[in-house]
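Protein chains: 2
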Amino acid sequence: MELAEGKLKFIEAWGKLGSEWGINRTMAQVHALLLISPDALTTEDIMETLSISRGNANMTLRDLIGWGLIEKQHRAGERKEYFFAEKDTWTIARQVAQERKKRELDPVIKLLNELAEIKGDEKDPEYKTFKTSVNDINKLAKNVNKTLETMLKAEENWFWGSIFKIFK
Amino acid sequence: MELAEGKLKFIEAWGKLGSEWGINRTMAQVHALLLISPDALTTEDIMETLSISRGNANMTLRDLIGWGLIEKQHRAGERKEYFFAEKDTWTIARQVAQERKKRELDPVIKLLNELAEIKGDEKDPEYKTFKTSVNDINKLAKNVNKTLETMLKAEENWFWGSIFKIFK
DNA sequence: ATAAACTTTCAATATTATTTGAAAGTTTAA
DNA sequence: TTAAACTTTCAAATAATATTGAAAGTTTAT
Numbered sequence: 000m001e002l003a004e005g006k007l008k009f010i011e012a013w014g015k016l017g018s019e020w021g022i023n024r025t026m027a028q029v030h031a032l033l034l035i036s037p038d039a040l041t042t043e044d045i046m047e048t049l050s051i052s053r054g055n056a057n058m059t060l061r062d063l064i065g066w067g068l069i070e071k072q073h074r075a076g077e078r079k080e081y082f083f084a085e086k087d088t089w090t091i092a093r094q095v096a097q098e099r100k101k102r103e104l105d106p107v108i109k110l111l112n113e114l115a116e117i118k119g120d121e122k123d124p125e126y127k128t129f130k131t132s133v134n135d136i137n138k139l140a141k142n143v144n145k146t147l148e149t150m151l152k153a154e155e156n157w158f159w160g161s162i163f164k165i166f167k
Numbered sequence: 000m001e002l003a004e005g006k007l008k009f010i011e012a013w014g015k016l017g018s019e020w021g022i023n024r025t026m027a028q029v030h031a032l033l034l035i036s037p038d039a040l041t042t043e044d045i046m047e048t049l050s051i052s053r054g055n056a057n058m059t060l061r062d063l064i065g066w067g068l069i070e071k072q073h074r075a076g077e078r079k080e081y082f083f084a085e086k087d088t089w090t091i092a093r094q095v096a097q098e099r100k101k102r103e104l105d106p107v108i109k110l111l112n113e114l115a116e117i118k119g120d121e122k123d124p125e126y127k128t129f130k131t132s133v134n135d136i137n138k139l140a141k142n143v144n145k146t147l148e149t150m151l152k153a154e155e156n157w158f159w160g161s162i163f164k165i166f167k
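The listed protein sequences correspond, in order, to chains W and D. The first sequence begins at 0 in numbering that gives the first Met the number 0 and counts up by one. The second sequence begins at 0 in numbering that gives the first Met the number 0 and counts up by one.
Written out as structure tokens, the structure reads:
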């Protein structure tokens, strides 16, 4: 495979993966493009390379900044803004985990705690099944949460080193 | 909060969480409904409770069976099919992880391996950046893959026990 | 073999998510 | 202060995804 073809495949695959995991396809593609670009790119560059509109490019870039995955760069004597991606995969993984935890896991945990409070007749099978499911999922969610929190604090080597020690 | 309200909230939240993670909202809702139902339900029950059409219910139930999250139950002397959910959260988490690994991670790893093969001029910054990104992501993907594979084999207690040992 | 009971299919439709592009807004240099 | 260079916004258009429901298919009991 040639480099040029490889780049396209990479961008396409990153986009598909993103959309399968609830991240806007274009956002993932812009991120992929910046990941494999040695230099920071302008909005124009991105619009052109990915054939997307100015509005779309602008919003997507803002979102990516919001996720902490890319940054703006200003160049002396130039009005244009340049964008570049954080390239360390461990940092990327952490940023994504952090954002999704905040946006999705935290609210669910909050609701589960409320649902766990519901009182009812222990002899009612409807109540018992509900209660058991909620409690079990609550337990799982809390474990996931705890694991994520620790991961967010962890250093890459420390983390993978420890994981590998268990999963020998 | 009352039980009835709690049930609705639970179904709604599960549906939302599903849709944020690339799983069809209705599919997640049907799953939620079966999770908190003490008895197996018929297609009719599900259609009625969630106000969805017969076709939708049928397709969704088939998908859930495909994911290994629910099963059919046949009752002696009855033509109707009943459905019930696997209720152990660890098993649910494993099934979902397994399916998504197979459908999404495995193809990406295959592509990354191909991209890692691409030869080029080591002095070309375009090539170097591409290569580095692909290699780094490849490494991350392989680690995730390895972790998932071990998790899929693991017993619940063993797994969480070990995780907690590191994340003390 | 028939018909009732039930399940599956899929083209049409509805819903939701994404993208566009032109207008409005902002910043900077002269 | 002006106007060019650039960025942001958002209503409308488009595209992607999910749902419906009626018809076709299947199974079982008689």
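All C-beta atoms in this analysis are idealised placements derived from N, C-alpha and C, irrespective of residue type, glycine included. It should be emphasised that the depicted structure is a prediction, and the values quoted were computed from it without experimental measurement.
Integer Cβ distance of residue i from residue j, believed to fall under 8 Å
| i | j | result |
| --- | --- | --- |
| D:G5 | W:L114 | 5 Å |
| D:V143 | W:A12 | Contact flag wrong, Cβ pair sits at about 15 Å. |
| W:L2 | D:E125 | 7 Å |
| W:G21 | D:G54 | Going by Cβ atoms, the distance from W:G21 to D:G54 rounds to 26 Å, so no, they are not a contact pair. |
Closest residue to residue i among the options (Cα-Cα distance)
| i | options | result |
| --- | --- | --- |
| D:L63 | D:R74, D:N137 and D:V95 | D:V95 |
| D:A56 | D:V143, D:A75, D:E77 and D:Y81 | D:Y81 |
| D:I10 | W:I136, W:R74 and W:G54 | W:I136 |
| W:K138 | D:A140, D:K109, D:L151 and D:D87 | D:D87 |
Unbroken alpha helix (DSSP H) run spanning residue i, endpoints
| i | result |
| --- | --- |
| D:K109 | D105 to E116 |
| W:M58 | R53 to G65 |
| D:D135 | P124 to K152 |
| W:M26 | R24 to L34 |
| D:K15 | L2 to E19 |
| W:A39 | Note, W:A39: premise wrong, no alpha helix (DSSP H); not H, not E. |
| W:E77 | Where W:E77 is concerned, there is no enclosing alpha helix (DSSP H), given that its DSSP letter is neither H nor E. |
| W:E121 | Per DSSP, W:E121 belongs to no alpha helix (DSSP H) and is neither H nor E. |
| D:R93 | T88 to R99 |
7 Å Cβ shell around residue i - same chain, five flanking residues per side excluded
| i | result |
| --- | --- |
| D:M26 | G17, T59, D62 and L63 |
| W:A153 | none |
| D:K127 | E121 |
| D:I51 | T25 |
| D:K79 | T41 |
| D:D105 | none |
| D:D123 | none |
| D:L151 | R93, A96 and Q97 |
| W:G76 | none |
Beta-carbon proximity list for residue i, same chain, < 8 Å, skipping 5 on both sides
| i | result |
| --- | --- |
| D:K167 | Annotation note: pLDDT 43 at D:K167 (below 50); position unreliable, coordinate value reported separately. None. |
| W:F83 | L33, S36, D38, A39, L40, I69, E70 and Q72 |
| W:K8 | M0 |
| D:N23 | G17, T59 and D62 |
| D:H85 | In the sequence under discussion, the amino acid at residue 85 of chain D is Glu, which differs from the His named in the question. So the list reads G67, L68, I69, E70, I91 and Q94, once near-sequence residues are dropped. |
| D:K141 | I108 |
N- and C-terminal bounds of the beta strand (DSSP E) containing residue i
| i | result |
| --- | --- |
| D:K71 | I69 to H73 |
| D:A84 | E80 to A84 |
Own chain partners of residue i with C-beta closer than 6 Å, once the 5 adjacent residues on each side are dropped
| i | result |
| --- | --- |
| W:E116 | none |
| D:R74 | none |
| W:G119 | Y126 |
So, does the stretch 42-49 of chain W touch the stretch 62-69 of chain W, judging by three or more C-beta pairs under 8 Å? They do not touch, by the three-pair rule.
Would the stretch 30-39 of chain D count as touching the stretch 84-92 of chain D if we require 3 or more Cβ pairs under 8 Å? Because the criterion of three Cβ pairs below 8 Å is met, the stretch 30-39 of chain D and the stretch 84-92 of chain D touch.
Taking three-plus beta-carbon pairs below 8 Å as touching, is the stretch 13-26 of chain W in contact with the stretch 123-132 of chain D? Counting Cβ pairs under 8 Å, fewer than three are found: no touch.
Measuring CB atoms only, is the stretch 98-110 of chain D touching the stretch 136-156 of chain D, in the sense that at least three cross pairs come out at less than 8 Å? Three or more Cβ pairs closer than 8 Å define a contact, and the stretch 98-110 of chain D meets that threshold against the stretch 136-156 of chain D.
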